[in-house]
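Reading through the C-alpha cells given below for one structure.
In UniProt numbering, the protein residues as written are 1 to 187.
So, in C-alpha cells, the structure goes:
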C-alpha cells in the first residue's frame, strides 16, 4: 500500500469518528509513523486531503453498488445492498458515513471539500432516483426524486441517532421500514 493511500485510510477513520475538524496532520503522521512533513508531501493542505478523501469514498461507495438501472436485479435487492453499505459503516466501531460527517460540518469546510461531499450526495441521489424509476409508476409512493432524497436523508439520520444512542436496533428498524415500502410498491 502506498503512503498516500495509508494516509487516506487513517484520515478516513479519523473523520468517520471525529469529523474533519477533529484531526490534524500531526495526528495522521503519528498514527502512520511518519513525519508531518511527509503528510504534507502527499497532501499539501488539509483541504487537498479532505477533497481526495471524499472523492475516494464516493467512488468506492458507488462501485460497491449494482447498476441502478439493471433490470435483472429487483429494486428491493438493490436497495437492500445500499442499506447494507450504510449499516456496515456503522457496525465498524460506530463509524459514520464519511460524507455524512463532512456534510454536517459543511459550513466550516473548504470549498474543494464541500464540492466532493456534494458530489457524493448528488451521485447517491441519482443512483436512488434511477432505482425508484424501476418501481412501477402506478405503485410509487412519491416521485423518484423525492423518494431518493427521503431515503438518503433517512439513512444518514438513522446513522446519527443509532450512533448517539448506541442503538443499532433503531437503525435496523428504520432500514426495515424503507425496505418494506419498496417491497410493497414493487409487488
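A virtual CB, placed ideally from N, CA and C, is assigned to each residue, including glycine.
Between residue 15 and residue 28, the C-beta gap is not smaller than 8 Å, which leaves the two residues out of contact. Taking all protein chains shown into account, residue 111 has fewer than 16 neighbouring C-beta atoms within 10 Å of its C-beta and is therefore exposed. Under the DSSP assignment, residue 156 falls in the alpha helix (DSSP H) whose first and last residues are 144 to 165. Under the three-state reduction of DSSP, residue 7 is assigned to helix. Look at residue 97 here: in three-state DSSP terms it is coil, with no helix or strand label. Around the Cβ of residue 116, a 10 Å sphere holds 16 or more other Cβ atoms; the residue is buried.
DSSP places residue 25 inside the alpha helix (DSSP H), whose first and last residues are 25 to 32.
Given a length threshold of 4 residues, each whole run of the alpha helix (DSSP H) inside the stretch 31 to 71 is given here in chain order: 36 to 42 and 46 to 63.
Rounded to whole angstroms, the separation of the alpha carbons of residue 79 and residue 177 is 12 Å. By the Cβ test, the stretch 48 to 60 is in contact with the stretch 113 to 128, since at least three Cβ pairs between them sit closer than 8 Å.
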